[in-house]
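Everything on this sheet refers to the single structure shown next.
Number of protein chains: 4
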Amino acid sequence: MKTYYNVEMLPKEKVFRDPVHGYIHIQHQVVLDLVNTKEFQRLRRIKQLGTSSFTFHGAEHSRFNHSLGVYEIARRICDKFVRNYPTVEPGDGLWDDNERLVTLCAALLHDLGHGPFSHTFEKIFGTDHEDLTIQIITSPDTEINQVLREVGLDFPNQVAAVIAKTYPNPQVVQMISSQIDADRMDYLLRDAYYSGVTYGTFDLTRILRVIRPAEKGIIFENSGMHAVEDYIVSRYQMYMQVYFHPVSRGMEMVLYHLMKRAKDIYQNDLQEFHHNATFLEPFFNNTWELKDYLRLDDGVLTTYFSHWLDDSDPTLSDLAGRFLHRAPFKSVRFDREKDWPTIQAMQSLMEEMGYNPNYYMSTNNSFDLPYDLYRPHKAGSKTQIEFMEKNGTIVELSQASSIVSALTGKMRGDERLYFPREITHGFSEEGINLFDNLAEQFKSYIENDEIITE
Amino acid sequence: MKTYYNVEMLPKEKVFRDPVHGYIHIQHQVVLDLVNTKEFQRLRRIKQLGTSSFTFHGAEHSRFNHSLGVYEIARRICDKFVRNYPTVEPGDGLWDDNERLVTLCAALLHDLGHGPFSHTFEKIFGTDHEDLTIQIITSPDTEINQVLREVGLDFPNQVAAVIAKTYPNPQVVQMISSQIDADRMDYLLRDAYYSGVTYGTFDLTRILRVIRPAEKGIIFENSGMHAVEDYIVSRYQMYMQVYFHPVSRGMEMVLYHLMKRAKDIYQNDLQEFHHNATFLEPFFNNTWELKDYLRLDDGVLTTYFSHWLDDSDPTLSDLAGRFLHRAPFKSVRFDREKDWPTIQAMQSLMEEMGYNPNYYMSTNNSFDLPYDLYRPHKAGSKTQIEFMEKNGTIVELSQASSIVSALTGKMRGDERLYFPREITHGFSEEGINLFDNLAEQFKSYIENDEIITE
Amino acid sequence: MKTYYNVEMLPKEKVFRDPVHGYIHIQHQVVLDLVNTKEFQRLRRIKQLGTSSFTFHGAEHSRFNHSLGVYEIARRICDKFVRNYPTVEPGDGLWDDNERLVTLCAALLHDLGHGPFSHTFEKIFGTDHEDLTIQIITSPDTEINQVLREVGLDFPNQVAAVIAKTYPNPQVVQMISSQIDADRMDYLLRDAYYSGVTYGTFDLTRILRVIRPAEKGIIFENSGMHAVEDYIVSRYQMYMQVYFHPVSRGMEMVLYHLMKRAKDIYQNDLQEFHHNATFLEPFFNNTWELKDYLRLDDGVLTTYFSHWLDDSDPTLSDLAGRFLHRAPFKSVRFDREKDWPTIQAMQSLMEEMGYNPNYYMSTNNSFDLPYDLYRPHKAGSKTQIEFMEKNGTIVELSQASSIVSALTGKMRGDERLYFPREITHGFSEEGINLFDNLAEQFKSYIENDEIITE
Amino acid sequence: MKTYYNVEMLPKEKVFRDPVHGYIHIQHQVVLDLVNTKEFQRLRRIKQLGTSSFTFHGAEHSRFNHSLGVYEIARRICDKFVRNYPTVEPGDGLWDDNERLVTLCAALLHDLGHGPFSHTFEKIFGTDHEDLTIQIITSPDTEINQVLREVGLDFPNQVAAVIAKTYPNPQVVQMISSQIDADRMDYLLRDAYYSGVTYGTFDLTRILRVIRPAEKGIIFENSGMHAVEDYIVSRYQMYMQVYFHPVSRGMEMVLYHLMKRAKDIYQNDLQEFHHNATFLEPFFNNTWELKDYLRLDDGVLTTYFSHWLDDSDPTLSDLAGRFLHRAPFKSVRFDREKDWPTIQAMQSLMEEMGYNPNYYMSTNNSFDLPYDLYRPHKAGSKTQIEFMEKNGTIVELSQASSIVSALTGKMRGDERLYFPREITHGFSEEGINLFDNLAEQFKSYIENDEIITE
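Dropping the structure here:
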């Protein structure tokens, strides 16, 4: 039996001014206490978009910023639900406001396990931000867990279950993670606002008017079809134009090689790092625990990189400089099936020019599935987006929208080859280029920013 | 003789998407090269508003972001000037577009000498960001200087002269620093955009229509009086509501005490810090050079703070935690003349409660002069804002606007006493408070967030 | 005893998309029915800003548009009040939500009595829009009255009392008309949005957070002082820059003379108009009744003007053309005390040039009082704006804000002389100007758009 | 030989404040003179969106407003073209700025021939707004023509040729009318701004960066593909959600029947109208000339409608009331092939209820083709949208975008049956409904707002 419905409310609502939603409204003591934990405050020091701010200089906002936004959207949805669709009896597919607190907490905390440049960090050290989010919520050592336990001993587990998508009420789960959830709605709007692009803008107020609870989760009123369609297009546009921007990925490639080099050096020679990467050592050693992870943030990494500028290893210091002073790897599109031999030829040329391809060349593919149907026999299948007509008929989104239909089930993105910019863009200031022939040969494989294989 | 007018233009203008100005337009190779220097890229790692993002979570933007904006406004003013007011002969008070490049470079670089949390840092270590900006521009060791020298050997000095306000052309100087300059116009709009407040919004496009060059600098057409008046009000509102927010200053007070404690410890016992504050040591030792300063950024400081959480000095680790986990000192307004004895009484109470007032109590005054007349016999007097009527008559702003007149020459702000929040907001979770009486006595000196002295 | 608290609610809230407030939310059947009356729909055909759209082409919005906005702001205030300050017992200065419906209806209907170009129309025909609003509400012949009576027989009188400011509850009265009411807040934001100026923008959401009921009406929390101050400055800026724009007033002067000429002709010779001004005749005859007034709208007037283009009276057709084809009278500022003899000289010159000054020359003064204190011994004194501090102390706005203090109790605006533009701007295309000497003499009295008297 | 390149420029640019583009910049005397003609000023009295403001109350803007916007976009494109792609020799596919003036005039004047509620008016009276635009430009009697002739005797014909798409330079023609032209770009942004929906928002500044001249007209740089794609989606969304809104069409149906009834009565009995529709008579008589057309505007029609409220013909006065007091016909979707017999049955029921179906029932289909390829063998084929890659390759839009591909060549919209709302929404206030059975039978044919035919 749930007991947290009547948890302590603040005597007076607190608000945080927010550029995307106007205000974030905090109404429960427990939510305020969660915001004030050290694990949540740490999100201030982790950028929401990783290396994207190297391309879109405006997009320097943190995961703290975004997390408050997700909370606020979830709160507004709960408000709509309890006003328009309050449950009458269990199983009626309407909204039970006893679910509000677990929903709000899960919304607020869903990104808690993110670390600095998560995407790249996870590749090097095998961490998993979703798993870490759950650990932070359930581990008795965290302040987050201590606050949640004040609601009820099992409450941390319930919040964690929402994030793990094992929570029994599908309305709660889908509000936090589905193809149209509070998380995505916030990040599209927020990332668009901060980067200054307009593609991510869709009509949130309209969507909040047509969203409603249903037996199997969240659905939408028929009249909101075009607003949801527009959201899918915005999502697609943000992926194509912002998240997958080749220059941001070029910085990610530098970062990847830098951390890989550091790890490689460390694992061969402990001495190299002893006073310059204290908080990273447990990761190099693969002995890290949750508390080590919680020490990391963007500033910790860049501080270490700054130390490494003076390192005696030329590859490490070179890559550290490329990252800190923004020298992204350049890229060209390619087709894995057709162009692989060409890439191998290019790699040989790079070696001849003196680059170690392990640290100076890589492929990167970035693909996203803008929308998909529920596919019952497929692992990891997504909950599809559905509309309810006046007489109760249910229609799936791609049936109603030919635009969405064109995007359904198809991965969007591209695969690119990354290498140092100077190879194709001219060399040192002295104007001397010993590798002219090699570079010219390298460039001859490229046309229209694409690898050409004859 | 100036030779840089025909410096290399980019074959095709480059643009950076900007949420405030739409796009930043880069048209000269030298400007692009300056952006790509390591000294300029470092500004990405320094927040524009220091501790303000602890109050306005949206305001996490960097000085890099702002510097591009100042450049862009200066560029737009030059465009207006050359189109509408091109000089015909020297001394005609019109615009000589040979001044464009020095103006753009000064606009771009004017904040280069800022470090992490400059305001507080300068108080502890005696650095001076304006002086450092000039050093970075003129020191032959920086990449900035090397790029500028490509324009002409004396060019770095000219750019520096603009920032030092010794450059002969007052139009250039005033465009970069005066009571209504590209710097202020950008930061008001930008800080408003990022924090989500609307107070800082004024009509930049209107101001750009009415601004014009004059013999003694920059003036405005008469028809733009209300737009300029609105700018002054926006400036005043941003200071009152955002820049002087008591909670941000409460974080600044924590930071100040934290760094002071670190310095005090260091200067008494070198060992304490040897592996946890490498880049700060030259400052503790007072042996720092420009290159040391350029190593610092927000992340370096917070990384050291994070290390200090485990320090054996309880004051240091306590203050580091208050900063990293956002526990600002609380404050009350006071009147220095009237309330000083009361403050001393409060200080004694704090000592009785076990706090060292040197690190846990301080006063902070934040005052700004929204606008002032030119006062010929006063040191540091400001260039006043003036309008030109149809027949050439000049009118000073506060003569034309009674609103501005009400703000002219009067400092605005307040003075506050800061102390740990827990003293007035209840204590430990155990519910036991040994200092109850002391705290009650302390609180009895406060009413309506103000110290009362009878 | 009030019985309307439980009036019929719509089974599902209806919303109208609104560019200023996002959505207008209609929740009561009676409000929807009022919107659908013919008297309310007529407001679609009356522009909110009269001749201002001749200067700000974007500002073509109607009083219908604005009236919905006032309703919506009032609705949001009621929502805040009932959530945060619900009354416990009569006379406690808190909000009794039984007042909601009368408030919403008064907000919606407050401008019902406006006619086409009210300001000018009233001068010519002696109508009074506030009085007419009350008549429309209380006259048994209107659909408005019939809808209101369904709430209760006395309900129309109560709504009318709010508008007449005789309603007993000062909270209700002040929400609709005071120095900071739903009406003004909507029109400032709306007129700014439609005209494209930014001066009218203030922070409505912040004001809605700090507004609260009090025993004597509406007050504000202390923390909202700067938001209210900003609202007063916005109001002042809109008056100075938009509402009092000399060119809009130049069109108003044309309109005034056109209608005056029509009335003068009519009252001397009935035949002249019999088929071209049917709906205006009762006004020319001074026999009009409410039903006649309700026939008028902007289109009716301009249609008649278009007919008059062909009229045999040259003054009438000339003025009609100036209005329809936008040829505003030009204006210069003057000082009544000093410049009167000069104006008389200018008038003589105009007569010599062949203009009848009765229809081609006039003075116009436009003044506004941005804010005033309550002045107990003065007729028509305004309710002042007040703040409540934490401990209950009340502070009046101009005491708290020096900006507002500078505007308090002082009329702002100017007085101008209007005359046909061609007198000072050159004549016919043939290049021949028989009045050259006269015009030159006329122009010699003007400098810097001001009359000069020696 | 063109001579108008050096036509008179204004000594100082004039600007009109515009909410969508910030400012409209007027730089040529001839453009200013065109704006001041009576034919152009008349556009102030004609709403841009006809009956749409009955659904979106904010969208009350005029064709005057929009025409200035189209001019401004065209002006900005010319600025980009002359800066980045100035022609070197004839036929090089670059921009010849001698084309600027004809482009600007065509942009400004392209909607000049629109009358009140054009769409409906044209159906009743057989007028054609495009043909009328050309007449106004080329007829020697208009002020427009007189102004244009001052540029050159053939200049009016050249401007008309652009509008007729017979002008030799395809760049000019496509800038004014093609699938992505200044007209559409302005109305999408403007209609979205005024209605308050966000669907119409696309990134104009980005499109202005990537647009370029080409030999066969206008093309785009490859890098702008997603911006153009977003524009197509915005266009599609605006049609689906705003322009084709069933309620606006319900008002159009009322208007259509009202004017049809008036015409039918008039053509049978001249006396009926002689003092109430003067300006419409030439249209009833089918004897109208251009000067008659130029007398019409929205206000003229609604004034006549208001007169007709008192007409002795009950159908005429009823329909006039429905229009003036906003009582749109209600609608249901249907499928022409399947549902025709059902519609006939419904029509019979309406007759039994006493409605004359000629004036109270109609079908309306609204379809739009969001985008199409160039189809060489098809009449009226459109110029397709194309992109240029780095190496000069041309790619057609639907090849590059699968979203656009999904919309290409497919008509979007629906067909609806319209009838008086009261039939399905309950009857008179007396609560008595003699037709209950008939109405119930009528309603039985409808489900989910669609006609069902079994």
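Protein chains in written order, with my numbering: chain D, 1 to 454; chain E, 1001 to 1454; chain Y, 2001 to 2454; chain A, 3001 to 3454. Virtual Cβ for every residue (Gly too), placed ideally from N, Cα, C.
Residues that residue i contacts on chain A, provided the C-beta gap is smaller than 9 Å
i, result
"residue 1022/E", "3205"
Interface residues of chain A facing residue i [CB-CB closer than 8 Å]
i, result
"residue 448/D", "3389, 3390, 3391 and 3393"
"residue 2295/Y", "3306"
Contact set between residue i and chain E, taken where Cβ atoms lie within less than 8 Å
i, result
"residue 3015/A", "1209"
"residue 2226/Y", "1199, 1237, 1240 and 1241"
"residue 38/D", "1321, 1324 and 1325"
Chain Y residues whose Cβ lies nearer than 8 Å to that of residue i
i, result
"residue 1403/E", "2233, 2236, 2403, 2406 and 2407"
"residue 3041/A", "2324, 2325 and 2326"
Per-residue contacts from residue i into chain F (C-beta, under 8 Å)
i, result
"residue 19/D", "The displayed structure is made up of protein chains D, E, Y and A, and chain F is not among them."
Span of the alpha helix (DSSP H), counted from its first residue to its last, around residue i
i, result
"residue 2068/Y", "2063-2084"
"residue 2137/Y", "2129-2138"
"residue 2248/Y", "2246-2268"
Straight-line gap, residue i to residue j (C-alpha atoms, nearest Å)
i, j, result
"residue 60/D", "residue 1307/E", "25 Å"
"residue 428/D", "residue 175/D", "Per-residue confidence for residue 428/D stands at a pLDDT of 45, beneath the threshold of 50, marking its modelled position as unreliable; no derived number is given."
"residue 1336/E", "residue 1226/E", "37 Å"
"residue 50/D", "residue 3111/A", "49 Å"
"residue 1101/E", "residue 279/D", "45 Å"
"residue 2188/Y", "residue 374/D", "49 Å"
"residue 2186/Y", "residue 2107/Y", "11 Å"
"residue 1389/E", "residue 1214/E", "13 Å"
Identity of the residues DSSP links to residue i by a beta bridge
i, result
"residue 1456/E", "Any answer about residue 1456/E is impossible in this case: the structure gives chain E only from 1001 up to 1454."
"residue 17/D", "23/D"
"residue 2408/Y", "2371/Y"
"residue 331/D", "418/D"
"residue 9/D", "28/D"
Contact set between residue i and chain D, taken where Cβ atoms lie within less than 7 Å
i, result
"residue 1045/E", "302"
Interface partners of residue i on chain A, CB under 7 Å
i, result
"residue 230/D", "3199 and 3237"
Span of the beta strand (DSSP E) around residue i
i, result
"residue 3413/A", "3412-3419"
"residue 475/D", "Only positions 1 to 454 of chain D appear in this structure, which leaves residue 475/D out of reach."
"residue 1368/E", "1362-1368"
Amino acids of chain Y, ordered along the chain, whose beta-carbon sits closer than 7 Å to that of residue i
i, result
"residue 3064/A", "2057"
Proximal residues of chain E, C-beta to C-beta of residue i below 7 Å
i, result
"residue 83/D", "Ordered by position in chain E, no residue passes the 7 Å Cβ test against residue 83/D, which lies about 26 Å from the chain."
Neighbour list for residue i in chain Y, Cβ cutoff strictly below 9 Å
i, result
"residue 3068/A", "2057"
Pair every Cβ in the segment 3365-3376 of chain A with every Cβ in the segment 3409-3422 of chain A, then say whether three or more of these pairs are closer than 8 Å.
By the Cβ criterion, the segment 3365-3376 of chain A is in contact with the segment 3409-3422 of chain A, since at least three pairs of Cβ atoms, one from each stretch, lie closer than 8 Å.
Given 8 Å as the limit, is there contact between the segment 297-305 of chain D and the segment 1282-1301 of chain E, that is, 3 or more CB pairs closer than that?
Yes, the segment 297-305 of chain D touches the segment 1282-1301 of chain E.
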